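Notes for the one structure printed next.
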Amino acid sequence: MPTAPATGPAAAPSLARFGLGTAAVGRPGYITLGRELDLPAGRTVEAMRERTHDLLDAAYAAGVRYFDTARSYGRAEEFVGEWLAARPRLASEVVIGSKWGYTYTADWRASGVPVHEVKEHSTAVFDRQIKETRQLLGGLPQVYLVHSVTPDSPALGDRALHERLAALAAEGVRIGLSTSGPAQAATVRAALEVTVAGRPLFAAVQSTWNLLEPSAGPALAEAHAAGWLVVVKEGMANGRLADRNATGPGTAALRELAARTGATCDALALAAAAARPWADIVLSGAATPEQLASNLSAAGLDLAAADLAALTVLAEPAEAYWRSRAALPWE
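Just so it is clear: in the sequence shown, position 55 is 109 by the working numbering, and no numbers are missing.
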């Protein structure tokens, strides 16, 4: 299981610290800004399968070994499972993380869909989705997360569900949760207290952390100190920190650092996430090989403490950030 090296926050991260997420390429519609510029018109299943496999190949060749997917990412688990089945030698080299708790409901449509996914953290959904995940991936993932837990989620208090998750942990799967919303820190801290038979249940978390929304940082540091695997998602804020979108006054400090260093805004954003000593894996959500290469160039950036401090001005109030994210259109 990947772990963070014992280096200071200014050390350039290795490529082993980065992962590839498949949310943007496992289904035709998502909430990444500029998506219409990145993906083929029509976005057929075959086109998206080929794009996913190309990205997985490129990421692996670059040195990435952590790959993230979910039941609700359209056919992403299917695409990842096919990729693995065609490359059996990789089974012992890569780590697959997946998530359950959302059901994909868009029926391969990119827009005009009232609801793209439905969240339910029940034992019935877990029982169904773990079977689907196992079948599509050709086995169990090494990491399995309850998808998008918030403080009011039954996943934090349902003892029957906890027993099922503990049984899966006994099969060697690292059990965890992903978080979303302005109360991510409270969710992580509540999950740290969940036990089964006197032992902690959860051992992994995937949370949103980026230069615009860093509020979960202290709680993620606590999770890391407790031995959890900490995975950062949405490090580019659904595209808001990409060069083509980081144009407003609120991202001026990022553009200034990019101009001074010659690095892209996305690479700086991901390098800033990887500079956190508690961040084990930082996900790229690239939809094109060019985006992936730019994202992974973060591994070559050795940000000084002064650079990291200068970027703290980008932070928004958590509530404002999540309101803006909720307003992003599915495209």
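Each residue gets a CB set at the ideal place from its N, CA and C atoms; glycine is no exception.
Everything numeric in this text was worked out from a predicted model, so none of it was measured.
Put simply, of 336, 245, 326 the residue whose alpha carbon is nearest the alpha carbon of residue 213 is 245. The three-state reading of DSSP puts residue 351 in helix, counting H, G and I together.
Setting aside the 5 residues that flank it on each side, residue 171 is surrounded in the same chain by 126, 156, 157, 158, 159, each with a C-beta closer than 7 Å to its C-beta; the list follows chain order. Between residue 229 and residue 286, the beta carbon gap of about 19 Å keeps them out of contact (Cβ cut-off 8 Å). Contact annotation: the segment 69-77 does not touch the segment 91-99, with fewer than three C-beta pairs closer than 8 Å.
In the structure shown, residue 120 adopts extended strand secondary structure according to DSSP, grouped into three states.
For residue 75, the enclosing beta strand (DSSP E) stretches over residues 72-75. Beyond the five residues adjoining it in sequence on each side, residue 365 comes within less than 8 Å, by CB distance, of 265, 307, 308, 311, 322, 326 in the same chain, given in chain order. Taken through DSSP and simplified to helix, strand or coil, residue 177 comes out as helix. In summary, residue 367 is exposed, with fewer than 16 beta-carbon neighbours lying within 10 Å of its beta-carbon over all protein chains present.
Counted as a single uninterrupted DSSP element, the stretch harbouring residue 238 is not any beta strand (DSSP E) but the alpha helix (DSSP H) occupying residues 238-246.
If you compare the alpha carbons of 294, 339, 341 with that of residue 381, the shortest gap goes to 294. DSSP, reduced to helix, strand and coil, places residue 204 outside both helices and strands of the structure shown, so it counts as coil.
Partner residues in the beta bridge of residue 338, as assigned by DSSP, are 74.
By the neighbour-count criterion, in which a residue is buried when 16 or more other Cβ atoms sit within 10 angstroms of its Cβ, residue 377 is exposed. Residue 258 sits in a strand when the DSSP states are folded into three classes. DSSP links residue 197 through a beta bridge to 151, 228. Here the C-alpha atom of residue 191 lies approximately 35 Å from the C-alpha atom of residue 299. If you draw a straight line from the Cα of residue 385 to the Cα of residue 251, it is about 45 Å long.
The beta carbon of residue 204 sits closer than 8 Å to the beta carbons of 233, 234, 235, 237, 241 from its chain, once the five residues preceding and following it are set aside; these are given in chain order. Excluding residues up to 5 positions away in sequence, 159 lie with their Cβ nearer than 6 Å to the Cβ of residue 169 in the same chain. Here the alpha carbon of residue 371 sits roughly 7 Å from the alpha carbon of residue 267.
Excluding its 5 nearest sequence neighbours in each direction, residue 357 has C-beta neighbours in its own chain below 7 Å: 64, 325, 326, 329, listed in chain order.
In the DSSP assignment, residue 286 is bridged to 261, 336. In the three-state reduction of the DSSP assignment, residue 253 falls in the strand class, which pools E and B. Between residue 106 and residue 149 the beta-carbon gap is near 17 Å, outside 8 Å, which marks them as no contact. Per the coordinates, the alpha-carbon of residue 351 lies some 42 Å from the alpha-carbon of residue 178.
Across the set 124, 315, 200, 375, the C-alpha of 315 shows the shortest separation from the C-alpha of residue 361. Here DSSP, grouped into helix, strand and coil, assigns residue 167 to coil. The Cβ atoms of residue 349 and residue 85 do not sit closer than 8 Å to each other.
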